[in-house]
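Participant: Before anything else, here's the structure in question.
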Amino acid sequence: MLALAAWATAAGAAALVVKVARPDGSPVAGAVVLLHGPPGSKPPAPAAFVVDQVNQTFTPDLIVIPVGSTVTFPNSDKVSHQVYSFSPTKRFQLPLYRGTPYPPVTFANSGIVTLGCNIHDDMIAYVVVTDAGWFGRTAQDGSWTASNLPAGDFRVEVWHPRMREATDAIVRPLRLDAALSARVDVQLTRSLRPEPLGVKPRSWSDY
Amino acid sequence: MRAVFATTLALLALPASADGHLDLSVDLRLIGADSRTSWLDDGLGKLRFDENHDGLQVGRLRAAWNQAFGETLNLRIDASLWRFSDHHAFDLTEAYLEYRPYPNAGWRSRVKLGAFYSPISFEHRAGGWTNPYLISSSAINTWVGDELRTIGAEYSLEWLGTRLGHDFDLGLVAAVYGWNDPAGVLMASRGWTLHDRQTTLFDKVGQPGIWPVPGRVLFKEIDQRPGYYYGAQLRYLDRVELRYLHYDNRADPERFDPGINDFAWLTYFDSVGLRVETVNGWTLIAQWLGGETAIEPESGYEEWKYSAKFALVSKAIGRHRISLRADWFDTDHYQTSFPPGDTETGSAWTAGYSYARDDHWGFAIEALQVKSDVTSRARIGEAPNATERQLQLQLRYAR
C-alpha cells in the first residue's frame, strides 16, 4: 500500500518522510530506506565502516553503505570466527583469529549481502550496499526523514531483514516538487519474521 | 579403533596453530538415593548412583582439546572420568576430525571422521555432549550415550535457506561406521536407564563377570560388516527443529566373539525428535525412539523390541533454569524357545533447577523418580516392580 501526501515547506527545497508499518498498522523500526534521486544526483562518497564480533554477535548487525565503501571485521571475542558471504553482490570468506587484524573488504556492487559465521551458525548480519543518494533506517516510530532534496523523479526502496514480502524490496516511484514536502506510507502485506532468539551460551556446541 | 586413536595422536603431533583450545571441567555431586542396585554394579536398578553411592561422588572430570588446522579442518578430542574404579578410568568419549568448508550458494557440506555422536539428541547441546537442561538424560539419550558411537565417517549436507531470505534450513546426513556390533546388549540385558554417564571408547561397562551385566566391551568390530545411518533435519528459523534418524548396525546376529564373550547384536531403530524454543526462554523437547535388537545363538533367534519417548519443558530466566521431563519406556523379549521372554515397562519424572553463576561456576539440583516393572528382576531375587528415587546436587567448575 502506498499513500502520498504533499504540502508546502518553509524552505525552498523538498523534504520527504517515509513511514513503514506492519499489516496491523504498528510501526516497523530499523527498516532500511533507500532514496534514489533524479538523474544526475550523486551518491555519497565511499567511506570506511566497521562490523565487530562481540559476544558471538555481529556488531552492528546491519549497516547501509555507499557503493565502493570498505568494511573492516575485527574480532573482539576470545574465540575465532569465520565470516562469510555467499550473496552474489559480494562473495568472500574471512577467518578471524583472536587479535589478528585483517584488511578491509571492499563492496564494489550494490545489493544486499548476508553475513554468516561458519563456526557460529546463530550469527547473522547484513550489509546493504547502495548507490542511492539518500538512505537510512526507520526510527522507533517507523519513520525516516530526508530534507534538502532537489525536485524531480525519485524512487523509494524499503527493505527489512525480517521482511516476508513477495519481492526482495518494496519499490515506490515518487515525484517531488520544489518547496514541497511529501510523505510515503509503506504498509507491509505480511508480518515480519520473529526476532532471533539471541546468543546461545558460550559452552554450547552443535551435536 | 586403534587406528582412530593412532591418527588422533599423529594429528596432535602436527605443528599446531595458535588456534587450539583446552576445556577442563570438574563436576561433583552430592547424592541421596532410594533405589535398587545400579546396573553398573551388577543390579537391575535404573540409576547411575544407587543407594550404596549416597554422599559425595565424582560426577565427571573432563578434558577436551579443540585444534583447528587451517580454516576448515578441526580436531576435537573429548576425554572424561566418570568413576575412579572404572576399567579405563580416564578415557575418550569422542575423538574426530571435522571438515567444515565455507557454504557455497546456500549449501554447506560437512564431513566427520573418527569417533563421535550421531545427530539424535536434542538434549545434549553443550560441550562434551552435556545436557544443559537436566543432570540426568532422558531414557532415550541415556541409551545413546551408553551404547552408541559412530566410529567411522559421516557426511552431512545443509541448505541454509535462512541465509537466502527463507524461513527454513534443511539438512541431510548419512554415515558408515564399524566397531558398534555389541550395541544392544545393554538394552537386552538391563533395559532402559536414566543417568548422565557416557561409555568411553575403550572402557568396559559393569562389574567384570557378574550377571546380568558383566564387564561389557561396547565398541568392537565383530562381523566385519559396516553399519549405517541416515537422517534429515528441518529447522524453522531459530525456533523449531525436527530430526529423523534411521540407524542400523547391520550386525550378523550369528557371530559370537569369544574375546569379549559377546554376540554381534543386530540393532536398528528409528528416532524422531522435536525442539521448540521461544523468545521468552521456553524450550520444549519431545522425542520418540523405537527399534529392535537381536542375536541368534544355537538355541534359536532372540529378539528384543524396545521403544521410549519423552517430553521436556524448560524455562530459562536469566542465569536460572527450571526443567521438567516425563519419560515412558518399554522392552519386550521374544524368543523361539520356551519360556516366554522378559518384559519391561516404566516411566520417570525428572525435575531440576540450575544456576550458571558465570562461564566457570554452575550449580544444579535434580529430583528423579523412576517406576519400572522388569520381569527379569525375579531372577536376581528382587520384586519386578520398583520405584527408585534419587536427589542430586551438582557443583560444576569449568575453565
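Protein sequence lines correspond, in order, to chains A and B. Sequential numbering from 14 applies to the first sequence in this note's numbering. Sequential numbering from 2 applies to the second sequence in this note's numbering. In this text, a Cβ means the ideal position worked out from N, Cα and C, and glycines have one as well.
1) Would you please verify whether the beta carbon of B/W350 is less than 9 Å from any beta carbon of chain A?
2) On the DSSP bridge list, what partners appear for A/H133?
3) Assuming B/L125 contacts B/N105 (C-beta within less than 8 Å), just tell me the rounded distance between them.
4) If you check the beta carbons only, do B/N250 and B/D170 fall under 9 Å apart?
5) What is the DSSP secondary structure of B/W144, reduced to helix, strand or coil?
6) Pull up the DSSP beta-bridge partners for B/Y356, would you.
7) Which residues mark the beginning and the end of the alpha helix (DSSP H) in which B/R191 is found?
8) Mind reading off the beta-carbon distance from B/F311 to B/D328? Whole number of angstroms is fine, and I expect it under 8 Å.
9) Please check if any C-beta of chain B sits within less than 9 Å of the C-beta of A/S216.
10) How is the beta strand (DSSP E) around A/T85 delimited, first residue to last?
11) Give the secondary structure of B/V214 by DSSP, where H, G and I count as helix, E and B as strand, and everything else as coil.
12) Please confirm whether B/A357 has its beta-carbon closer than 9 Å to some beta-carbon of chain A.
13) Pair every Cβ in the stretch 192-209 of chain B with every Cβ in the stretch 39-48 of chain B, then say whether three or more of these pairs are closer than 8 Å.
14) Could you tell me whether any Cβ in chain A is nearer than 9 Å to the Cβ of B/D360?
15) Does DSSP put B/I381 in a helix, a strand or coil?
16) What number of angstroms, rounded off, separates the C-alpha of B/Y335 from the C-alpha of A/R175?
17) Checking the sheet assignment: what are the DSSP bridge partners for B/K310?
18) Note down, in chain order, every chain A residue with its Cβ under 8 Å from the Cβ of B/A106.
19) Sort out for me which residues DSSP pairs A/P260 with in a bridge.
20) Closer than 8 Å, Cβ to any Cβ of chain B: which residues of the stretch 101-130 of chain A, in chain order?
21) With a CB to CB cut of under 6 Å and the five nearest residues on each side skipped, what residues in its chain are close to B/T163?
22) What residues match up with B/A106 in a beta bridge as DSSP calls it?
23) Does any residue of chain B bring its CB to less than 9 Å from the CB of A/S204?
24) Taking 8 Å as the threshold, find out whether the stretch 77-91 of chain A comes into contact with the stretch 181-199 of chain A through three or more Cβ pairs.
25) Would you please verify whether the beta carbon of A/V142 is less than 9 Å from any beta carbon of chain B?
26) So for B/N386, helix, strand or coil by DSSP?
27) Assuming A/V30 contacts A/R196 under a Cβ cut-off of 8 Å, what Cβ separation, rounded to an integer in Å, is found between them?
28) Okay, do the stretch 385-395 of chain B and the stretch 362-370 of chain B touch, 3+ Cβ pairs below 8 Å being the bar?
29) For B/M127, would you say it is in contact with chain A, using Cβ-to-Cβ distances shorter than 9 Å as the test?
30) Cutting at 8 Å between CB atoms, please list the residues of its own chain near A/D134, excluding the five before and the five after it.
31) For the stretch 69-89 of chain B against the stretch 65-77 of chain A, are there 3 or more C-beta pairs whose distance is under 8 Å?
32) Do you know how far the Cα of A/E208 is from the Cα of B/D168?
33) With a threshold of 16 other CB atoms inside 10 Å of the CB of B/Y134, please say whether the residue is buried or exposed.
34) Just to check my reading of the structure: A/G155 and A/V41 have Cβ atoms closer than 8 Å, yes? What is that Cβ distance to the nearest angstrom?
35) Under a three-way DSSP split, which group does B/T351 fall into?
36) Considering just the uninterrupted stretch of the beta strand (DSSP E) at B/N67, what are its terminal residues?
Facilitator: Here's the rundown:
1) no
2) In the DSSP output, where bridge partners are listed per residue, A/H133 has none listed.
3) Reading the sequence as shown, one finds His at residue 125 of chain B and not Leu. Going by Cβ atoms, the distance from B/H125 to B/N105 rounds to 29 Å, so no, they are not a contact pair.
4) The Cβ atoms of B/N250 and B/D170 lie no closer than 9 Å to each other.
5) helix
6) B/H321 and B/F364
7) V186 to R191
8) With 8 Å as the limit, B/F311 and B/D328 qualify as a contact, their Cβ atoms being about 4 Å apart.
9) yes
10) T83 to T85 is the extent of the beta strand (DSSP E) around A/T85.
11) Annotation note: pLDDT 49 at B/V214 (below 50); position unreliable, no value reported.
12) yes
13) Under the 8 Å Cβ criterion, the stretch 192-209 of chain B counts as touching the stretch 39-48 of chain B, having at least three qualifying pairs.
14) yes
15) DSSP places B/I381 in helix when its eight states are reduced to three.
16) 54 Å
17) B/W289 and B/W329
18) Result: F99.
19) With chain A covering 14 to 220 only, the question about residue 260 of chain A has no answer from this structure.
20) Q106, P108, Y110, R111, T127 and G129
21) D170
22) None, per the DSSP bridge assignment.
23) Not an interface residue.
24) no
25) No, because no Cβ of chain B sits closer than 9 Å to the Cβ of A/V142.
26) Strand.
27) Correct: roughly 5 Å between the Cβ atoms.
28) Judged by Cβ distances under 8 Å, the stretch 385-395 of chain B makes contact with the stretch 362-370 of chain B, as three or more pairs qualify.
29) The sequence given here places Ala at residue 127 of chain B; Met does not occur at that position. It does: the Cβ of B/A127 has a partner Cβ on chain A nearer than 9 Å.
30) D219
31) At 8 Å Cβ cutoff, the stretches do not touch.
32) 12 Å
33) buried
34) 5 Å
35) strand
36) Residues G56 to F70.
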